[in-house]
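Engineer:
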Amino acid sequence: MAKLISYINFFKVCVILLLSTNSRCFGTPLEKGSALFIFGDSTVDPGNNNYINTIPENRACYKPYGQNGFFAEPTGRFSDGRVIVDYVAEYAKLPLIPPFLQPSADFTSGANFASGGGGVLPETNQGLVIDLPTQLKNFEEVQKSLVEKLGEAQTKELISEAVYFISIGSNDYMGGYLGNPKMQESYPPEAYVGMVIGNLTQTLQVLYEKGARKFGFLSLSPLGCLPALRALNFKDNEGKCLEAASALARAHNDALNAVLTNLEHILPGLKYCNSNFYEWLDDRIINPSKYGFKDGVNACCGTGPYGGVFTCGGTKNVKDYQLCDNADDHVWWDSFHPTERIHEQFAKALWSGHPSSLGPYNLEDLFFDKEKLTIADIVDSPETDHF
Ligand SMILES: *[C@@H]1O[C@H](CO)[C@@H](O)[C@H](O)[C@H]1NC(C)=O
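Counted the way mature numbering (1 follows the signal peptide of the UniProt record, and there is no 0) counts, the sequence shown spans residues -27 to -1, 1 to 360.
#1: Does the distance between the C-beta of Glu96 and the nearest non-hydrogen atom of ligand 1 fall short of 7 Å?
#2: Which of the three DSSP states is assigned to Thr128 in this structure?
#3: Taking only runs that begin and end inside the stretch 285 to 323, name each unbroken beta strand (DSSP E) of 3 or more residues, in chain order.
#4: DSSP three-state label for Pro333, please.
#5: Using the C-alpha atoms, what's the distance from Gly49 back to Asn22?
#6: Which class does Ser194 belong to by DSSP, given the choice of helix, strand or coil?
#7: Can you name the residues that DSSP bridges to Cys274?
#8: Is it buried or exposed for Ile11, if we count other Cβ within 10 angstroms and need 16 for buried?
#9: In three-state terms, what does DSSP make of Ser232?
#10: Locate the alpha helix (DSSP H) running through Phe250, then write down its first and last residues.
#11: Counting only the same chain and skipping the five closest in sequence on each side, list residues whose C-beta sits under 8 Å from that of Glu113.
#12: Check whether the Cβ of Gly171 lies closer than 7 Å to any heavy atom of ligand 1, and answer yes or no.
#13: Look up Leu94 in the DSSP assignment and say whether it is helix, strand or coil.
#14: Quick check on the DSSP output: the beta strand (DSSP E) that includes Phe10 runs from which residue to which?
#15: Mark Thr234 as exposed unless 16 or more other C-beta atoms lie within 10 angstroms of its C-beta, in which case mark it buried.
#16: Reducing DSSP to helix, strand and coil, say where Asp268 ends up.
#17: If you count every other CB in all the chains shown that lies within 10 Å of the CB of Val291, and 16 or more means buried, which is it?
#18: In this structure, does DSSP put Tyr35 in helix, strand or coil?
#19: Please state if the CB of Tyr60 and the CB of Pro47 are separated by a distance shorter than 8 Å.
#20: Roughly how many angstroms separate the alpha carbons of Asn85 and Asp307, rounded to a whole number?
#21: Ignoring anything shorter than 3 residues, give me the beta strand (DSSP E) runs that lie fully in the stretch 113 to 163, in order along the chain.
#22: Can you say whether Glu121 is buried or exposed, counting buried as having 16 or more other CB atoms within 10 angstroms of its CB?
#23: Ends of the beta strand (DSSP E) at Lys244?
#24: May I have a chain-ordered list of the alpha helix (DSSP H) segments no shorter than 4 residues that lie completely inside the stretch 45 to 86?
#25: Assign Val282 to one of three DSSP states: helix, strand, or coil.
#26: Going by DSSP, name the residue or residues bridged to Phe188.
#27: Can Gly148 and Thr97 be called in contact, C-beta distance under 8 Å?
#28: With Asp209 as the anchor, note down where its alpha helix (DSSP H) starts and where it stops.
#29: Assuming Gly6 and Ala65 make a contact with CB atoms under 8 Å, what is their CB distance in whole Å?
#30: Can Gly100 and Asp18 be called in contact, C-beta distance under 8 Å?
#31: Is it buried or exposed, Ser262, if we count other Cβ atoms within 10 angstroms and call 16 or more buried?
#32: Please state whether DSSP places Gln178 in a helix, a strand or coil.
#33: Between Ala62 and Phe51, how many whole angstroms is the CB-CB distance? I'm expecting something under 8 Å.
#34: Look at the alpha carbon of Arg(-4) and the alpha carbon of Leu199, and state the distance between them as a whole number of angstroms.
#35: Tell me the rounded alpha-carbon separation between Ser143 and Gly265.
#36: Taking just the CA atoms, how far does Gly42 sit from Ile(-20)?
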């Protein structure tokens, strides 16, 4: 019997060795997915803002943030628990991706550069956030440190196989434009959207030049339905969603779709997973009970109409705030940010969603490099040496 067991163990070791040395051959779901690099704002900030000089509005490292206990302490995530990229890392069989600013973090599975309040444009919340151009510089630093650690060749492979997840733009339209009369005087909405998209496109091209090939996007939500913006509409409009903000989000999403369709033709090997977060979230705001929520309008944590006054945590000017009994019943956690439950549901949708509703790849395809073969591919490139 003991002999049999040791024989079985020996066999297991062989299989594991085979899988790890020649894992692509097996395509087994046990293997770890590609690395994950994250750029963006508070939707995906894992705590970078804990390390910068900023205002309480751009921080979430205090209770009741993180109250659901997944993390022992508030981490700086703008959620009652995890955020979307934490789920994506889990599904990709990666460890949690550390904030870039976390001292002596290990970036061999990726790094998260996102910063609450951050925008595509350096003008957005200038001086209080890590803007996208700076996030890109920070990526270069990680790239250099990986070369030192892993060598040139292995880093090149890691960079080209990694997934680059980008969730940014909301702050450019909220604080950066609607909250900034000077910007509105200088640019009509279409021109402003063009500027944000122009700069975002440049960032994508720079990442591509550095070797990035696979991108995932969290598109913009119906911004006017955030409790904070609905509250602005409270007196004049009975708290309907603030259409000017939602219209900017739609224009941004449409423009990004168009850019990605073009880039796919211009940049060989580019693959992406884009989402329609706008409609997806709008559906949950309007029909919460269809998806297991009780409230699609009011923030769980905050004060004033719809919990739209951003006081969650009591660290800001207004110290009073209300907290709901069960955050899982809510679409909105605080005045600006969805609950962990929304993050999880959307992570699942992006991970395994049907590509036609996501276009052209889902995240699982990107992390585990499942090729979408067309008839032309099969006929034109019969070589299989890359397996
Ligand atoms: C990028 O943004 C700046 C403002 O920060 C603007 O002047 C410039 O035209 C934008 N670039 C593109 C390509 O749109």
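Glycine included, every Cβ here is placed at the ideal spot set by N, Cα and C. Quick caveat: nothing in here was measured; it's all calculated off a predicted structure.
Structural biologist: Here's the rundown:
#1: Under cutoff, so the answer is yes.
#2: In the displayed model, Thr128 falls within a helix according to three-state DSSP.
#3: Correct list: 303 to 305.
#4: The DSSP-derived three-state label of Pro333 is strand.
#5: Cα to Cα, the separation comes out at about 7 Å.
#6: In the structure shown, Ser194 sits in coil (DSSP, three-state: anything other than H, G, I, E or B).
#7: Leu296.
#8: Classification for Ile11: buried.
#9: Looking at the sequence itself, residue 232 is Val, so the reference to Ser does not match. Here Val232 sits in helix by DSSP.
#10: Phe250: member of the alpha helix (DSSP H) spanning 250 to 259, first to last residue.
#11: Counting only Cβ-Cβ distances below 8 Å, and skipping sequence neighbours, we find Lys183.
#12: Yes, ligand 1 has a heavy atom inside 7 Å of this Cβ.
#13: Leu94: coil per DSSP, three-state reduction.
#14: That run of the beta strand (DSSP E) goes 9 to 13.
#15: Within 10 angstroms of the beta-carbon of Thr234 lie fewer than 16 other beta-carbons, which makes it exposed.
#16: DSSP, read as helix, strand or coil, puts Asp268 in strand.
#17: Around the C-beta of Val291, fewer than 16 other C-beta atoms lie within 10 Å, and the residue is accordingly described as exposed.
#18: It is coil, neither helix nor strand.
#19: The answer is no: Cβ separation not under 8 Å.
#20: Take the alpha-carbon of Asn85 and the one of Asp307: they are about 22 Å apart.
#21: Inside the stretch 113 to 163, DSSP marks whole beta strand (DSSP E) runs of 3 or more residues at positions 136 to 140, from first to last along the chain.
#22: Per the 10 Å Cβ criterion, exposed.
#23: Start and end: 244 to 246.
#24: Entirely contained in the stretch 45 to 86, the alpha helix (DSSP H) runs reaching 4 residues are, in chain order, 57 to 64.
#25: In the structure shown, Val282 sits in a strand (DSSP, three-state: E or B).
#26: As a beta-bridge residue in DSSP terms, Phe188 pairs with Tyr137, Tyr245.
#27: Cβ distance < 8 Å, so Gly148 and Thr97 count as in contact.
#28: Asp209 -> alpha helix (DSSP H) spans 207 to 210.
#29: Contact holds; Cβ gap of about 3 Å.
#30: Result no, Cβ atoms of Gly100 and Asp18 do not sit closer than 8 Å.
#31: Exposed: under 16 other Cβ atoms inside 10 Å.
#32: Of the three classes helix, strand and coil, the one that applies to Gln178 here is helix, per DSSP.
#33: Ala62 to Phe51, Cβ: 17 Å. No contact.
#34: For Arg(-4), the predicted model reports a pLDDT of 40, less than 50, meaning its position is unreliable; a value from the coordinates is still stated below. Each residue's Cα considered, the two are about 43 Å apart.
#35: Counting only the Cα atoms, Gly265 lies some 26 Å from Ser143.
#36: Bear in mind that a pLDDT of 46 at Ile(-20), under 50, signals an unreliable position, so the model cannot answer this.
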